[in-house]
Amino acid sequence: MTESTKTHVILLSCGSFNPITKGHIHMFEKAREYLHKTGRFIVIGGIISPVHDSYGKAGLVSSRHRLTMCQLAVQSSDWIRVDPWECYQDTWQTTCSVLEHHRDLMKRVTGCILSNVNTPSTTPVIGQPQNQTTPIYQNNNNMNHTPTAIKLWGKISESLGKICCARPHIERFTFVDENANLGTAMRYEEIELRILLLCGSDLLESFCIPGLWKDSDMEVIVGDFGIVVVPRDGADTERIINHSSVLRKFKDNITVVKDAISHPMAIVSSTKSRLALQHGDGHVVDYLSQPVIDYILQSQLYINASG
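Here the sequence shown is numbered in the UniProt record's numbering, starting from 1 and rising by one per residue.
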């Protein structure tokens, strides 16, 4: 498949990120690597969306701190960004609502409808503007002017930046105003674009807990968007999928990242990271990046926390 015929993917990860760990970033990297190896996808961007303060989880620190820690964790990444939309809402948002928000926002930015898993788009989505004389994505070594994933994500981020306004209490972040007037949408060549939920096998397993998720939300998350699962501690994802009627129904929309190395839960677990901080355990450096550790110590987070 050529780059233009592959499905272009934005990976979205929702969660507490309390705090964000090296494992969370590792999930993005392993998912992107695996999707590229399939030959069917190009991951053009990643979005980290921390949960609202009203989520009610024990030991959850203020979103102001969690957003800052997330930003510090991805400061060297050229494709993962932190989105504060969830934190800025009046109350907690469902995962389904977050996915729909980003889908609708991308629609406004690109002027086109993003594809669902079961209904591939036949309309232009994102790519090389057709009404420009000088191609934005021109590569002197590639005369077909095919945009690279990083350049494509950069263009989307640039478009988002034009409709952002800074919130004063978190100056390093920009907030996308979905009600902003974007003007006349540009016309783009056709490239399939899709938002997929990135998660660990623990979230996948939570789909099997009766009453925890609405069936209608699960249908949208797995049926319309699709999910990418990075297993932890050798989790049996096949067993988990077969345990849920909704997961079985949309099994083809679930991509399980297969890797020769079984990644321990510890590197992803925020709980283990908090315990290490509380106990002065030096292994915390295995779980958290140094900028995040420095911020936690400077702000005196988690040290005396009970959660």
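Even glycine gets a Cβ: it sits at the ideal position worked out from N, Cα and C.
Of the residues assessed, G211 falls on the exposed side of the cut-off, its CB having fewer than 16 other CB atoms within 10 angstroms. Under a 10 Å Cβ-count criterion, A58 is classified as exposed, with fewer than 16 other Cβ atoms of the shown protein chains found around its own Cβ.
In terms of Cβ geometry, L204 and V229 form a close pair [threshold 8 Å]. Around the beta carbon of G280, fewer than 16 other beta carbons sit within 10 angstroms, so the residue counts as exposed. Residues H52, S54 and Y55 of the same chain have their beta carbon placed closer than 6 Å to that of W92, with the five preceding and five following residues left out of the count. Taking 4 residues as the minimum length, the alpha helix (DSSP H) runs contained wholly in the segment 188-268 are 201-206, 215-218, 237-242 and 245-249, in order along the chain. Cβ neighbours of C70 within its own chain (closer than 7 Å, five residues either side excluded): F17, I20, I48, P50 and V82. Taking R194 as reference, the option from I221, S273 and H283 with the minimal CA-CA separation is I221. The C-beta of S289 has 16 or more other C-beta atoms within 10 Å across all chains shown, which makes the residue buried. Shown here, I303 sits in coil according to DSSP, grouped into three states, outside any helix or strand. Its Cα nearest to that of K30, the residue L198 stands out among D233, L198 and K272. Partner residues in a beta bridge of P84, as assigned by DSSP, do not exist.
Looking from the CA of A276, the closest CA among I303, D259 and I80 belongs to I303. When only Cα atoms are considered, R248 and G282 end up about 42 Å apart.
Collapsing the DSSP output to three states places T68 in a helix.
Beta-carbon to beta-carbon, S201 and T255 are separated by about 13 Å, too far to satisfy the 8 Å threshold.
Inclusion of V257 and A73 in the CB contact set at 8 Å is not warranted, their separation being larger than that value.
CA-to-CA, the gap between H243 and D215 works out to about 14 Å. For a cut-off of 8 Å, the C-beta gap from W79 to G46 is around 6 Å, short enough to register as a contact. Contact between S299 and H65 is confirmed by a C-beta separation of about 6 Å, below the 8 Å threshold. In the displayed model, I25 falls within a helix according to three-state DSSP.
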